[in-house]
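Chains as they are written, first to last, in my numbering: chain S, 76 to 288; chain D, 57 to 266; chain U, -1 to 382. Ideal placement from N, C-alpha and C gives every residue a C-beta, glycine not left out. Since we're looking at a predicted model, the values are computed, not measured.
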Amino acid sequence: MDEQLKTELRKQGIVATTLQELYNWGRKNSLWPLNFGLACCAIEMIAASMARYDMARFGAEVFRPSPRQADLMIVAGTVTKKMAPQVVRLYNQMAEPKYVISMGACAISGGPFKQGYNVLKGIDRYIPVDVYIPGCPPRPEALIDALMTLQKLIDKQALTGADRPRHLKAEAPSEFVVPHFGEHDLEPPQNPEVWQPELVNISLAGTDDAGNN
Amino acid sequence: MTLETIKSEIEATVPGCVLEIIPNPSPSAQHSLRIDPAHAVAIVTFLRDAEHLRFDYCSNVTGIDWPVKEISEKVKVKQIVDGIEQEIEEVRKSHTGGYLEVVYHLFSMEKKHGPVILRMRTEDRAERVHLPSLTPVWQSAEFQEREIFDLYGVIFDGHPDLRRILMWDGFKDHPMRKDYVEPDDYEYEPTAHDEVLERARQHRTVMGAL
Amino acid sequence: MSTTIEPVLAPSSSANAGESQLLELSMGPQHPSTHGVFRMDVVLDGERVLRLKPVFGYLHRNHEKIAEQESYLGSMPYTDRLDYICSLTNNWAYALAVEKLAGIQVPERAEYIRIITAELTRFLNHSALIGFLTQDMGASGTPLMYAFRERETILDLFESLTGARMMCNYMRFGGCRVDLPAGWLDQTRKFVATLPRFLDEFERLLATNEILMARTQGVGVMSKELAINAGVTGPILRASGVNYDLRKVDKYGIYDRFAFKIPLGEHGDTYDRYMIRLLEMRESLKILNQALKDIPEGPIVDPKTKIRGFKPRPGEAYGRIESPKGELGFYLISDGTANPYRYRVRSCCMMNLTVLEQLCIGHNVADVVVILGSIDIVMGEVDR
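See the structure below:
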């Protein structure tokens, strides 16, 4: 619709919008996070919801303890292999539409504890992640920036068509395989449907520009 | 009250115990006393209850893995070579280690002195890894001994509830041992080099052409 | 699959009225009040707790194994992440242990800076804890916001000093990393002068609020003998009446130059544990005022120490400090190389959890939450 016509109508007290805009506007301004802090990043998440860096302004004030009532899971902190099945189970229990923010270096890829035998190298091995926040720990402003990025992402989601989001597609999975404890490691160690890391041209790595080893 | 006086008092009170002072070469001068597992409970009960000692607070229980290490030292020996007595250098190889060790740091809250450091060694790192549990004497050893069982594999006899504490129950290895091999949950890196590059190449061949 | 405990009794199959059935409940690892990923398997008779088994290890990040592969200095950032609310005291504990191992002396100005930062850390830890208590009791975050307001100001001071809000990585073996920036002392003095009024507000909350008093007095009583035998340290030990504070016993650093008292509790219940922390905050202010007045000029690190290529002689050392939660100790064994042979963290939070079951038996489920809050655990330190 013509923007000028819209502003003219608004001056007369008539608001014109599309259903998609309205739907996304409502959703993005009331993202309820799941009360889910794992480690040090959780303290920065709490600080982000306190009086100084107020997350309530963005509608994300109400931290729900139950996954059934939450839309957003902020995985804040190191995910260990002992905790990973619980994280995936919580994600499965959340109702669609649901989003995941992976906060901190540990949740992205294992972080400083990457050499650990008990550390899961990134929560995106099992569940799909929408926004990643680097940092150790990221400042509360970075968390707010991630929330705004997620809001922009939600704003662009279409209601119909092939690129509509997952929760509007009947055949897209919303629950993922929960790993279980094996004898030496989690089984499976990653979920190949979810985790598709970028392929590296291994044959070229380790050679210089001229192609010599 | 030095470690030597404590040692002689223990030897006087608990007959048959085998004690050894292990000196500590660092500037902290915290020498430790090695006790034998058979008399351990009697020794520590004496340490806890004796009027002038009263070590009622067991602060820290540590597990240490000493794998077998070969040390070779050059020794000059006199030997008869071609009819002439000569001094030649011989390389003597010996072994240290081959056991798991548990170290206890004891303090006294009543008398405000300490630390007294006790050590107990198992016989080997494979089967004979039993040590007496000191949890009946100090409850603070409960969780720490469970942790040593979990991460090192030392079995404490007499512990009220010996099961894994930090890893999950079905886990089979003892991760803090020096010969533990981590599971290969390979991670793709855009700038693989050195050993990560090697592992990436191996994973590639396993997974087939990509 | 996950750790379970055997129930005390098999559920009764008869349908007689009045026969109680036992409920086995798993609180956690995702729970709004368990202060991190901590799980308690409780066996309940109605609302009363019969047995309680703590289950942790959900944040076991094998810090000790990583430290065996890192150099001594390389483990310093990892110590920040142990008790992640108070990172500077963790750094000090590790630096103290290495200084004992290698016989390094610390210059005076560095000792004063260490004490100032440690007492500020103690203040922010205790105030955050009292805020979390009210949050656990259902106050929906408002007193927590007041506590965090003070925490934010202290974090600003730390950021201007060390460069990071939380993971400060500030202490070095033989002193501190950087000197105080210009104007930092005046800023701190001005801030510390405003703190007694904040403490009065908090004390009014604790001393006159009926709900808080009814829910915490007489709950979770810990006797002296149990506390000593179970290796409990820190404010909860002193709340049971045992006078054991490492700042007075070991006199590490230069604490023997400062005049401060050790508050002791009488009853050993949850209320005492919180009042002790409030009183300790006042003592911290005393120490801060003295330290901020007397801090001398001088170097902040011993000029003779080698920071890179640090290889201590073979030997071992156990160094401990009074962190805000208890006795935090580091036991290091060196074999003469650049990496420690054994690096062990004596974690005060894990030791303090030993008594959780005995404190909670006979109380209601709601009291379990309050008792756990008063023990003050941080999972980064329990699991390492």
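- Separation of U:R175 and U:I252 (C-alpha to C-alpha, rounded to the nearest whole angstrom) is 19 angstroms.
- Looking at the DSSP output, D:Y155 sits in a beta bridge with D:W122.
- Within chain U, the residues placing a beta-carbon under 7 angstroms from that of S:M158 are P27, V35, Y56, ordered along the chain.
- Bounds of the beta strand (DSSP E) holding D:H186 are 186 to 188.
- Fewer than three pairs of CB atoms, one per stretch, sit closer than 8 angstroms, so the segment 326 to 341 of chain U makes no contact with the segment 196 to 213 of chain U.
- Among the residues of chain S, those whose CB is under 7 angstroms from the CB of D:E238 are Y192, following chain order.
- For the pair of segments examined, the segment 117 to 131 of chain S was found to touch the segment 205 to 219 of chain S: the number of CB pairs separated by less than 8 angstroms reaches three.
- Residue burial annotation: S:L147 is buried, with at least 16 other C-beta atoms found within 10 angstroms of its C-beta.
- Linking U:I375 to S:G210 through their CA atoms gives a straight-line distance of about 24 angstroms.
- Inter-segment contact for the segment 64 to 80 of chain U and the segment 169 to 189 of chain U is present: three or more beta-carbon pairs are separated by less than 8 angstroms.
- DSSP places D:E143 in the strand class (E or B) of the three-state scheme.
- Excluding its 5 nearest sequence neighbours in each direction, D:I77 has C-beta neighbours in its own chain below 8 angstroms: L59, E60, K63, H87, S88, L89, R90, listed in chain order.
- A distance of 7 angstroms or more separates the beta carbons of U:V368 and U:T303.
- Annotation: Cβ neighbours of D:M223 in chain S (cutoff 8 angstroms, chain order): K157, N193.
- Taken in chain order, the members of the segment 235 to 266 of chain S whose beta-carbon sits within less than 8 angstroms of a beta-carbon on chain D are F256, G257, E258, H259, D260, P264, Q265.
- Closest by C-alpha distance to S:V252, out of S:Q161, S:K231, S:C181, S:V206, is S:Q161.
- Looking at S:T224, S:G197, S:L222, the one whose alpha-carbon comes closest to that of S:Q271 is S:G197.
- Within the model, the alpha-carbon separation for S:N266 versus S:E250 is close to 12 angstroms.
- Neighbours of S:R127 across chain U, judged by C-beta separation under 8 angstroms: F146, R147, E150.
- The count of Cβ pairs closer than 8 angstroms, one atom from the segment 109 to 127 of chain U and one from the segment 349 to 360 of chain U, stays below three, leaving the stretches out of contact.
- Scanning U:S138, U:I111, U:G266, U:E22 for the CA closest to the CA of U:D177 turns up U:I111.
- In this structure, U:R382 lies away from D:I120, with their beta-carbon atoms at least 7 angstroms apart.
- Rounded to the nearest angstrom, the gap between the Cα atoms of U:F256 and U:V247 is 14 angstroms.
- If you ignore the 5 residues before and after D:I173, its C-beta comes within less than 8 angstroms of the C-beta of Q86, H87, S88, L89, V159, Y160, H161, L162, all in its own chain and listed in chain order.
- The beta-bridge partner set that DSSP reports for U:V40 consists of U:L23, U:L50.
- If you ignore the 5 residues before and after U:L290, its C-beta comes within less than 8 angstroms of the C-beta of I114, L183, T186, R187, V190, all in its own chain and listed in chain order.
- As the crow flies, the alpha-carbon of U:I226 is around 17 angstroms from that of U:R318.
- A Cβ-Cβ distance of about 7 angstroms is found for the pair S:P187 and S:A180, placing them in contact under the 8 angstroms criterion.
- Of all C-beta pairs linking the segment 275 to 282 of chain U to the segment 121 to 136 of chain U, three or more are shorter than 8 angstroms, placing the two stretches in contact.
- By the C-beta criterion, the segment 228 to 241 of chain D is judged to be in contact with the segment 49 to 68 of chain U, since at least 3 inter-stretch pairs fall below 8 angstroms.
- Linking U:I285 to U:F258 through their CA atoms gives a straight-line distance of about 7 angstroms.
- Interface annotation, U:R107: not in contact with chain S, CB-CB separation never under 7 angstroms.
- Using a Cβ-Cβ cut-off of 7 angstroms, D:T58 is close to nothing in chain U; its nearest Cβ partner there is about 17 angstroms away.
- Between the alpha carbons of U:R202 and U:G324 lies a gap of roughly 26 angstroms.
- Counting along the chain, the unbroken beta strand (DSSP E) around D:D213 starts and ends at 211 to 213.
- The distance from the Cβ of D:P93 to that of D:M176 is about 6 angstroms, consistent with a contact at the 8 angstroms cut-off.
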